[in-house]
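The sequence shown begins at 1 in the UniProt record's numbering and counts up one residue at a time. All remarks here apply to the structure that follows.
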Amino acid sequence: MTGTKGLLKEYSSVKDGPKVIFGGSEKGIIKGFGNISSNLITITQVAYVKGLKHNLISISQLSDLGYDISFVKDGCHIKRSSDQKIILTGYRKRNVYCLNFECENKASPICLVADDNASHCVKWHKRLAHLNYKTIGQLFSKELVRNGPQVKCIKEGICSACQKGKQTKSSFQSLENKDSVRCLYLLHMDLFGPMPVHSLGRKVYTFVVVDDYSRFTWVFFLRQKSETPGVLLNFVKQIQNELNSTVVKIRSDHGTEFQSESITKLCKDFGIFQEFSSPRTPQQNGIAERKNRTLIEAGRILLSDTSLPKYFWAEAVNTACHVINRATITKSHKMTPYEIVKGRKPNLSYFRIFGCKCYILSNGKSYLTKFAAKSQDGIFVGYSTNSKAYRVFNLTTQVVEESVHVVFDETRLINCELSCRSNDSTGISKSMDKLSITEGSKEDGALENEGFCPGGEQDTIEADENQEIQLNE
1 MTGTKGLLKE YSSVKDGPKV IFGGSEKGII KGFGNISSNL ITITQVAYVK
51 GLKHNLISIS QLSDLGYDIS FVKDGCHIKR SSDQKIILTG YRKRNVYCLN
101 FECENKASPI CLVADDNASH CVKWHKRLAH LNYKTIGQLF SKELVRNGPQ
151 VKCIKEGICS ACQKGKQTKS SFQSLENKDS VRCLYLLHMD LFGPMPVHSL
201 GRKVYTFVVV DDYSRFTWVF FLRQKSETPG VLLNFVKQIQ NELNSTVVKI
251 RSDHGTEFQS ESITKLCKDF GIFQEFSSPR TPQQNGIAER KNRTLIEAGR
301 ILLSDTSLPK YFWAEAVNTA CHVINRATIT KSHKMTPYEI VKGRKPNLSY
351 FRIFGCKCYI LSNGKSYLTK FAAKSQDGIF VGYSTNSKAY RVFNLTTQVV
401 EESVHVVFDE TRLINCELSC RSNDSTGISK SMDKLSITEG SKEDGALENE
451 GFCPGGEQDT IEADENQEIQ LNE
């Protein structure tokens with residue numbers, strides 16, 4: 001039965017139809033019957049009940065039409081009895097099984113059981129840093145991630161934030177030609193900046209490293225280009241130890257930061273072959289250049305969608321990198337970069353919409369009095385890089401904190417009216433001194449650390465407020 005008369009074909013009204021009792025004391029009356037059709041299935045004798053808020057489907061009615069229905073823990077399948085071909089696949093939302101059903105006389109999908117599929121897709125589109133709908137659909141339909149919803153994501157309309165952040169000129173198709181045979185065999189790297197606005201950690205450059213084999217990406221935020229050799233040295237040591245493998249080649253442009261004596265010595269000490277693209281030929285370092293563009297676009301979109309000040313750009317870029325590693329699909333492997341590197345599917349259950357309002361538990365803080373509020377308002381600005389926690393901007397203290405004790409309201413994006421609005425390239429206004437990073441956290445999420453997962457691979461995290469949460473994903 002449905003409460004939307006426009007969904008029905010061959011509709012015929014009835015007088016004094018039977019009454020339907022809703023969940024409360026309210027009652028509805030069946031006004032008529034019709035058919036609902038798609039290119040896969042036709043359901044006859046669908047009742048139109050005026051006032052019914054959700055579309056409901058009868059399992060016994062499907063059985064009478066010649067379909068078999070099987071239920072599992074996370075979903076259900078509707079098969080044609082004659083050849084056992086799966087016609088529709090449903091998913092479970094709490095204690096209700098839902099189906100996505102496209103009607104021939106209605107362009108947008110409807111859910112037959114208590115769900116707004118369109119708004120659900122939009123929410124995940126924002127959670128995944130405005131990733132394109134095609135990739136989102138593949139992630140969920142092919143089960144390339146864990147704890148993702150079983151929804152059919154179809155692009156409906158135009159996302160204004162995506163248009164403002166992504167629109168480009170038409171491009172030409174390039175050939176896919178990988179040189180690597182394993183992770184860390186070849187690393188592409190590049191630097192973009194300086195940014196016109198300093199980040200919260202007073203950084204202006206972003207150092208990007210991309211693994212050629214998996215397309216896994218790491219980002220580092222720098223104050224000066226001269227910091228590049230030291231950051232690269234620490235990264236090579238750490239990643240070779242973590243993946244139990246060695247870096248064979250690195251490829252970059254002819255930037256002075258990559259031609260320094262320090263990097264030459266690093267390559268010699270580690271036996272790394274250094275490659276350069278031809279002068280004024282960025283196409284030869286195209287993987288790193290395209291990744292720069294992807295990160296910048298994603299960061300721009302996140303800031304545009306939330307109206308956060310520009311000095312949150314590093315938090316936006318770091319969040320975008322975290323999402324891209326877990327939500328994009330490497331063409332040659334048909335897997336996410338995270339799964340290629342880590343050997344397991346990424347968990348998306350902890351993802352939240354960047355810039356949404358949140359409430360930060362104040363328990364354990366010295367200034368908390370007996371009758372003071374137990375939580376403070378904040379803005380979600382990303383994921384911690386060295387612990388299982390969220391990065392949140394506390395609107396009361398004007399400080400970026402890392403905590404697992406956070407409650408999110410993803411229906412509200414804060415139009416931030418903070419005191420600092422410096423847009424000049426020379427520095428940040430004096431009020432920026434209030435925007436500090438709490439002790440023990442890395443400024444701007446300096447490394448896209450892939451050991452992190454708030455809530456981890458576990459259902460819950462229990463820890464004291466001052467206890468360090470280990471990176472055991």
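Note that beta-carbon positions come from the ideal geometry of N, C-alpha and C, so glycine has one too.
Asked	Found
Beta-carbon proximity of Glu402 to Ala389, cut-off 7 Å	yes
Identity of the residues DSSP links to Asn35 by a beta bridge	Lys9
Alpha-carbon spacing of Arg391 relative to Tyr97, whole angstroms	34 Å
Segments assigned alpha helix (DSSP H), at least 4 residues, entirely inside the segment 257 to 293	261 to 270
Candidates Lys164, Met189, Leu222, Leu191, of which the one nearest Gly201 by Cα	Leu222
Reduced DSSP category for Ser419 - H, G, I as helix; E, B as strand; rest coil	Low confidence applies to Ser419: its pLDDT is 40, below 50, so where it sits in the model is not reliable enough to give any reading.
Secondary structure of Asn147, DSSP reduced to three states	coil
Test item: CB-CB of Leu395 and Gly355 under 7 Å	no
Neighbourhood of Tyr67 by C-beta, 8 Å cutoff - its chain only, sequence neighbours within 5 removed	Ile41, Ile78, Lys79, Arg80, Ser81, Ile87
Inter-stretch contact (C-beta, 8 Å, three-pair minimum) for the segment 325 to 340 and the segment 139 to 157	yes
Spatial distance of Pro279 from Met195 (CA atoms)	23 Å
CB contact flag (Ala314, Ser199, <7 Å)	yes
Proximity winner among Ser60, Ile154, Gly378, Pro229, relative to Thr44 (alpha-carbon distances)	Ser60
Secondary structure of Arg326, DSSP reduced to three states	helix
Whole-angstrom C-beta distance between Gly32 and Ser13, which should lie under 8 Å	4 Å
At least 3 beta-carbon pairs within less than 8 Å: the segment 318 to 326 vs the segment 225 to 240	no
Beta-carbon separation (whole angstroms), Gly34 vs Leu8, contact threshold 8 Å	3 Å
Close-in-space but distant-in-sequence residues of the same chain around Ile263 (CB under 7 Å, 5 per side omitted)	Pro229, Leu232
Where Phe371 falls: helix, strand or coil (DSSP)	coil
Gln274 versus Arg290, His254, Thr385, residue with shortest Cα-Cα distance	His254
Short Cβ contact (7 Å threshold) for Ile360 with Ser384	no
Backbone CA spacing between Arg127 and Phe351 [nearest angstrom]	6 Å
Closest by C-alpha distance to Val400, when choosing among Leu413, Phe380, Arg412	Phe380
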